[in-house]
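This report concerns only the one structure given below.
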Amino acid sequence: MTTSVLPNGERIHELFAMHRRPNPPSALSAVGTLAWRAMLKIKHVPFQLFDVTVMPIMFTLLFTYIFGGALEGSPRQYIQYLLPGILVQTVVFITVYTGMGLNTDIHKGLFDRFRSLPMWQPAPLLGALAGDLFRYSVASAMILVIGLILGFRPQGGIVGVLLAVALVLVFSFALSWLWIIVGMLVRTPESVMTTSFIFLMPLTFASDIFVRLDTMPRWLQEVVGRNPVTHLANASRDLMHGEPVGNDVLWVLLASAVIVLVASPIAMRMYRKER
Amino acid sequence: MLHAIETTGLIKSFGATRALDGVNLRIRQGSVYGLLGPNGAGKTTTIRILATLLKPDAGSATVLGHDVGRNARTVREKVSLTGQYASVDEDLTGTENLVLVGRLLGFSWRDARRRASELLDAFGLTEAAGRLVQTYSGGMRRRIDIAASLVAIPEVLFLDEPTTGLDPRSRNQVWELVRRIAAEGTTVLLTTQYMDEADRLAERLAVIDHGRVIAEGTSRELKAMVGASALHLRLGRADQRERAQVLIARVLGDGVIPGTDPTAVTARLANPSQAAAVLTALSQDSVDVAEFSVGNPTLDEVFFALTGHSAEHPVENGQS
Ligand SMILES: Nc1ncnc2c1ncn2[C@@H]1O[C@H](COP(=O)(O)OP(=O)(O)OP(=O)(O)O)[C@@H](O)[C@H]1O
Ligand SMILES: [Mg+2]
Numbered sequence: 068m069t070t071s072v073l074p075n076g077e078r079i080h081e082l083f084a085m086h087r088r089p090n091p092p093s094a095l096s097a098v099g100t101l102a103w104r105a106m107l108k109i110k111h112v113p114f115q116l117f118d119v120t121v122m123p124i125m126f127t128l129l130f131t132y133i134f135g136g137a138l139e140g141s142p143r144q145y146i147q148y149l150l151p152g153i154l155v156q157t158v159v160f161i162t163v164y165t166g167m168g169l170n171t172d173i174h175k176g177l178f179d180r181f182r183s184l185p186m187w188q189p190a191p192l193l194g195a196l197a198g199d200l201f202r203y204s205v206a207s208a209m210i211l212v213i214g215l216i217l218g219f220r221p222q223g224g225i226v227g228v229l230l231a232v233a234l235v236l237v238f239s240f241a242l243s244w245l246w247i248i249v250g251m252l253v254r255t256p257e258s259v260m261t262t263s264f265i266f267l268m269p270l271t272f273a274s275d276i277f278v279r280l281d282t283m284p285r286w287l288q289e290v291v292g293r294n295p296v297t298h299l300a301n302a303s304r305d306l307m308h309g310e311p312v313g314n315d316v317l318w319v320l321l322a323s324a325v326i327v328l329v330a331s332p333i334a335m336r337m338y339r340k341e342r
Numbered sequence: 295m296l297h298a299i300e301t302t303g304l305i306k307s308f309g310a311t312r313a314l315d316g317v318n319l320r321i322r323q324g325s326v327y328g329l330l331g332p333n334g335a336g337k338t339t340t341i342r343i344l345a346t347l348l349k350p351d352a353g354s355a356t357v358l359g360h361d362v363g364r365n366a367r368t369v370r371e372k373v374s375l376t377g378q379y380a381s382v383d384e385d386l387t388g389t390e391n392l393v394l395v396g397r398l399l400g401f402s403w404r405d406a407r408r409r410a411s412e413l414l415d416a417f418g419l420t421e422a423a424g425r426l427v428q429t430y431s432g433g434m435r436r437r438i439d440i441a442a443s444l445v446a447i448p449e450v451l452f453l454d455e456p457t458t459g460l461d462p463r464s465r466n467q468v469w470e471l472v473r474r475i476a477a478e479g480t481t482v483l484l485t486t487q488y489m490d491e492a493d494r495l496a497e498r499l500a501v502i503d504h505g506r507v508i509a510e511g512t513s514r515e516l517k518a519m520v521g522a523s524a525l526h527l528r529l530g531r532a533d534q535r536e537r538a539q540v541l542i543a544r545v546l547g548d549g550v551i552p553g554t555d556p557t558a559v560t561a562r563l564a565n566p567s568q569a570a571a572v573l574t575a576l577s578q579d580s581v582d583v584a585e586f587s588v589g590n591p592t593l594d595e596v597f598f599a600l601t602g603h604s605a606e607h608p609v610e611n612g613q614s
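Chains as they are written, first to last, in the numbering used here: chain E, 68 to 342; chain S, 295 to 614.
Rendered as structure tokens:
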């Protein structure tokens with residue numbers, strides 16, 4: 068090796084000389100590090116957030132100003148009803164990114180590196196989920212700010228709003244597990260998106276996010292009333308406006324628990340099984 | 295002697311595709327070993343099994359004496375993998391990627407950051423440290439990817455097609471890196487589709503095709519399988535190739551090694567002095583010879599002789 072084609076080739080030797088391998092990280096530290104990675108991605112590629120918030124903002128504007136008067140008497144009245152539901156819809160949509168991100172990491176080969184490191188193996192999954200919770204919180208804050216500008220006035224105050232957002236996060240966390248499974252099953256991030264939306268579209272539109280349950284035909288009420296998203300939208304509205312919450316909160320927690328209990332062992336198993 | 299890597303009868307199928315069909319390898323500690331094969335040969339599958347990412351259907355594999363299935367965790371503490379496709383996060387900066395790997399290896403934040411800057415410096419990436427990896431050139435990407443494999447120094451380094459798609463300059467840089475890494479005592483197992491790459495870097499190599507090792511040895515040994523020496527001709531006119539092959543076959547009896555380059559003809563010689571007879575026959579028949587040389591057969595020709603098809607233009611195997 069007479070001439071070096073690497074700018075600092077001779078330093079490679081120092082790299083080996085200076086090195087001391089540390090002990091493998093704790094599970095918690097590995098999850099924390101991977102959550103840090105997820106947050107960096109939000110910082111570097113914020114478009115993902117805008118992508119999914121543009122549609123809800125359009126819905127909010129359209130529905131508020133076009134149908135608001137007809138549905139609730141005035142746009143200002145209607146946004147009090149609509150906004151908590153729009154927040155639910157937005158965050159529920161964003162959960163798809165959990166599956167898309169995972170799918171990308173697997174197919175780009177990044178997960179091969181993660182899995183060849185001597186760390187707690189499920190850390191990349193949990194780290195991604197932790198990062199996603201942060202993403203959901205940012206999206207919630209954005210929707211709330213827009214709502215406040217448009218005249219949304221939550222009567223439940225900060226506490227009510229925070230409780231509602233917390234409930235939305237719980238449900239979204241549960242849903243994310245489903246998209247993790249989809250993310251491991253299909254080939255491209257685009258198919259994760261398509262597959263997930265086959266479920267998400269009916270789930271969010273066959274709910275009372277946009278119009279009250281009692282304006283729908285009887286048979287439809289039967290269906291829509293059982294949709295967990297309806298319960299979540301109801302609970303969010305009640306919490307944000309400081310009204311007594313009914314069983315909706317319990318239904319949401321129950322649905323979330325069932326999804327997590329069923330989906331997370333399947334997801335973990337698929338993840339551990341090699342691809 | 296302890297082998298860095300030893301595999302016995304590795305078999306792996308994906309549905310109906312048999313990716314590995316009984317792979318046996320023995321790799322000396324501290325050496326650079328080349329796994330040479332065309333698309334779909336089973337190179338990546340072999341490496342992924344050795345890096346504990348995939349379980350073989352049958353057979354066994356040890357890395358530094360540790361079984362990759364039973365002692366996966368111990369193996370992971372001794373190896374690093376730079377995959378065929380970017381095993382770094384394109385949405386993060388160079389520094390962030392290396393800090394991430396450092397943290398996942400157990401470094402403190404401070405040590406991880408220090409290690410990252412040492413690596414970026416040694417790999418000539420300091421200026422690009424703060425840029426997202428998606429803005430890097432192919433060569434820079436490869437270097438940051440290899441750097442990520444050296445955050446903790448591995449005893450065995452897997453490099454899956456480290457130079458595919460790189461320009462000659464970047465390829466030279468990767469070659470130098472591999473040599474320097476090996477000089478420090480790390481065993482390197484690299485896969486490649488390039489004959490000259492295996493020839494230049496690897497102490498020994500295995501030619502792999504359809505999940506089977508079809509030849510193994512030093513590149514000199516492999517070349518010897520095809521013939522003592524070879525005559526390489528470059529013709530002035532492509533349309534004379536067929537005539538040249540007929541004439542050579544007449545002079546040598548047999549010995550024309552088929553190839554895909556339309557102006558190149560290669561012939562196996564029992565001894566180098568036969569070259570004169572061939573050239574005389576060609577010039578008497580006015581075949582325009584632009585260039586000729588007598589030397590070792592190239593590994594491409596080795597591959598051709600062993601498999602009957604060129605490594606650069608593989609016969610598609612079913613679903614690959
Ligand atoms: N996860 C998988 N699912 C299905 N088939 C697979 C999978 N991984 C590999 N294969 C198949 O196994 C065979 C060997 O693949 P492998 O990736 O090991 O080849 P390779 O030598 O690395 O090829 P390349 O040079 O294209 O990277 C191919 O036919 C491939 O299609
Ligand atoms: Mg490969």
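Cβ coordinates follow ideal geometry from the N, Cα and C atoms, glycine included. All values reported here derive from a predicted model rather than from experimental measurement.
Less than 8 Å between C-beta atoms, sequence neighbours within five positions excluded: which residues of the same chain meet that for asparagine 629 (chain S)?
Chain S is shown only over 295 to 614; residue 629 (chain S) falls outside these bounds and no answer can be derived.
Partner residues on chain S for isoleucine 79 (chain E), Cβ-Cβ distance less than 8 Å:
Within 8 Å Cβ-Cβ: Ala416, Leu471, Arg474, Ile475, Glu478.
Between the stretch 248-255 of chain E and the stretch 159-171 of chain E, do three or more beta carbon pairs fall short of 8 Å?
The stretch 248-255 of chain E and the stretch 159-171 of chain E touch, with no fewer than 3 CB-CB distances between them shorter than 8 Å.
Residue closest to alanine 509 (chain S), alpha-carbon to alpha-carbon, out of S:Arg367, S:Phe597, S:Ala335, S:Ala355
Nearest option by C-alpha distance: S:Phe597.
Please report the straight-line C-alpha distance between glycine 432 (chain S) and aspartate 415 (chain S), rounded to a whole angstrom.
The straight-line gap from Cα to Cα measures roughly 18 Å.
Suppose you measure from the CA of valine 205 (chain E) to the CA of proline 191 (chain E); what does that come to, to the nearest Å?
Rounded to whole angstroms, valine 205 (chain E) to proline 191 (chain E) spans 21 Å at the Cα level.
Could you work out which residues of chain E lie near alanine 570 (chain S), taking near to mean beta carbons separated by less than 9 Å?
None at all; the shortest Cβ gap to chain E is about 37 Å.
CA-to-CA distance, valine 373 (chain S) to valine 482 (chain S), given in whole angstroms
Near 10 Å, if we compare the C-alpha coordinates of valine 373 (chain S) and valine 482 (chain S).
DSSP three-state assignment for leucine 358 (chain S), whether helix, strand or coil
Looking at leucine 358 (chain S) - three-state DSSP - the assignment turns out to be coil, as it is neither helix nor strand.
Reducing DSSP to helix, strand and coil, say where serine 141 (chain E) ends up.
The answer is coil: DSSP assigns serine 141 (chain E) none of H, G, I, E or B.
Boundaries (first-last residue) of the alpha helix (DSSP H) holding isoleucine 341 (chain S)
Counting along the chain, the alpha helix (DSSP H) containing isoleucine 341 (chain S) begins and ends at 337-344.
Kindly confirm or deny that the stretch 301-314 of chain S and the stretch 329-337 of chain E touch, where touching means at least three C-beta pairs closer than 8 Å.
They do not touch, by the three-pair rule.
Using a Cβ-Cβ cutoff of less than 7 Å, which residues in the same chain neighbour asparagine 611 (chain S) once the five nearest sequence positions on both sides are dropped?
For asparagine 611 (chain S), the predicted model reports a pLDDT of 43, less than 50, meaning its position is unreliable; a value from the coordinates is still stated below. Same-chain partners within the cutoff: Gly334, His504.
Span separating the alpha-carbon of leucine 75 (chain E) from that of phenylalanine 417 (chain S):
One detail in the question is off: residue 75 (chain E) reads as asparagine in this sequence, not leucine. Rounded to the nearest whole angstrom, the CA to CA distance from asparagine 75 (chain E) to phenylalanine 417 (chain S) is 6 Å.
CA-to-CA distance, leucine 229 (chain E) to leucine 314 (chain S), given in whole angstroms
The straight-line gap from Cα to Cα measures roughly 55 Å.
To which residues does DSSP link tyrosine 327 (chain S) through a beta bridge?
According to DSSP, which records beta bridges pairwise, tyrosine 327 (chain S) is partnered with S:Leu483, S:Arg498.
Can you give the Cα-Cα distance for arginine 498 (chain S) and arginine 320 (chain S), rounded to whole angstroms?
Answer to the nearest angstrom: the Cα atoms are 10 Å apart.
Specify, as a first and last residue, the run of the beta strand (DSSP E) that asparagine 318 (chain S) falls within.
Per DSSP, asparagine 318 (chain S) belongs to the beta strand (DSSP E) from 311-322.
Segment limits, alpha helix (DSSP H) that includes alanine 322 (chain E)
Run containing alanine 322 (chain E): 315-339, per the alpha helix (DSSP H) assignment.
Threonine 457 (chain S) in three-state terms, based on DSSP
DSSP, read as helix, strand or coil, puts threonine 457 (chain S) in coil.
Report the rounded CA-to-CA distance for proline 462 (chain S) versus threonine 429 (chain S), giving the unit in angstroms.
For proline 462 (chain S) and threonine 429 (chain S), the gap between their C-alpha atoms comes out near 20 Å.
Could you work out which residue in S:Ile447, S:Arg544, S:Asp582, S:Thr554 is closest to glutamine 568 (chain S) when comparing CA atoms only?
The option with the nearest alpha carbon to glutamine 568 (chain S) is S:Arg544.
In chain S, which residues lie with their C-beta within 9 Å of the C-beta of alanine 102 (chain E)?
Those within 9 Å of alanine 102 (chain E) in chain S number zero; the least Cβ separation is about 11 Å.
Just checking phenylalanine 308 (chain S) against ligand 1 - is the residue's beta carbon closer than 6 Å to any of the ligand's heavy atoms?
Yes, Cβ of phenylalanine 308 (chain S) sits closer than 6 Å to a heavy atom of ligand 1.
Cut-off 6 Å between Cβ atoms - residues of its own chain near aspartate 172 (chain E), not counting five sequence neighbours on either side
Result list for aspartate 172 (chain E): Phe178, in chain order.
Kindly indicate which three-state DSSP category isoleucine 508 (chain S) falls into: helix, strand or coil?
DSSP, read as helix, strand or coil, puts isoleucine 508 (chain S) in strand.
Would you give the residue range spanned by the alpha helix (DSSP H) that threonine 100 (chain E) belongs to?
For threonine 100 (chain E), the enclosing alpha helix (DSSP H) covers residues 94-111.
Pairwise C-alpha distance: alanine 355 (chain S) and arginine 250 (chain S)
Residue 250 (chain S) is absent from the model: chain S starts at 295 and stops at 614.
For leucine 375 (chain S), which of helix, strand or coil comes out of DSSP?
If DSSP states are grouped into helix, strand and coil, leucine 375 (chain S) belongs with the strands.
Mind the definition here: the stretch 436-444 of chain S touches the stretch 103-114 of chain E only if three or more C-beta pairs lie below 8 Å; say whether that holds.
When Cβ pairs closer than 8 Å are counted between the two stretches, the stretch 436-444 of chain S is seen not to touch the stretch 103-114 of chain E, the count staying below three.
Quick check on valine 572 (chain S): buried or exposed, where buried means 16 or more other Cβ atoms within 10 Å of its Cβ?
Label assigned to valine 572 (chain S): buried.
Between the CA atoms of arginine 397 (chain S) and alanine 422 (chain S) - distance to the nearest angstrom:
Going by the C-alpha atoms only, they are around 21 Å apart.
Given 6 Å as the limit, tell me if asparagine 333 (chain S) has its C-beta closer than that to any heavy atom belonging to ligand 1.
With a threshold of 6 Å, the Cβ atom of asparagine 333 (chain S) counts as near ligand 1, since some heavy atom of the ligand is closer than that.
Determine the chain S residues that contact leucine 184 (chain E) at a beta-carbon separation under 8 Å, and present them in chain order.
Under a criterion of Cβ atoms nearer than 8 Å, the residues of chain S adjacent to leucine 184 (chain E) are, in order, Arg370, Val395, Leu398, Leu399.
DSSP state of arginine 548 (chain S), grouped into three classes?
The sequence shown places aspartate at residue 548 (chain S), rather than the arginine named in the question. In this structure, aspartate 548 (chain S) counts as coil in the three-state DSSP scheme.
Would you say alanine 313 (chain S) touches ligand 1, meaning its beta carbon is less than 6 Å from a heavy atom?
Correct: alanine 313 (chain S) has its Cβ closer than 6 Å to ligand 1.
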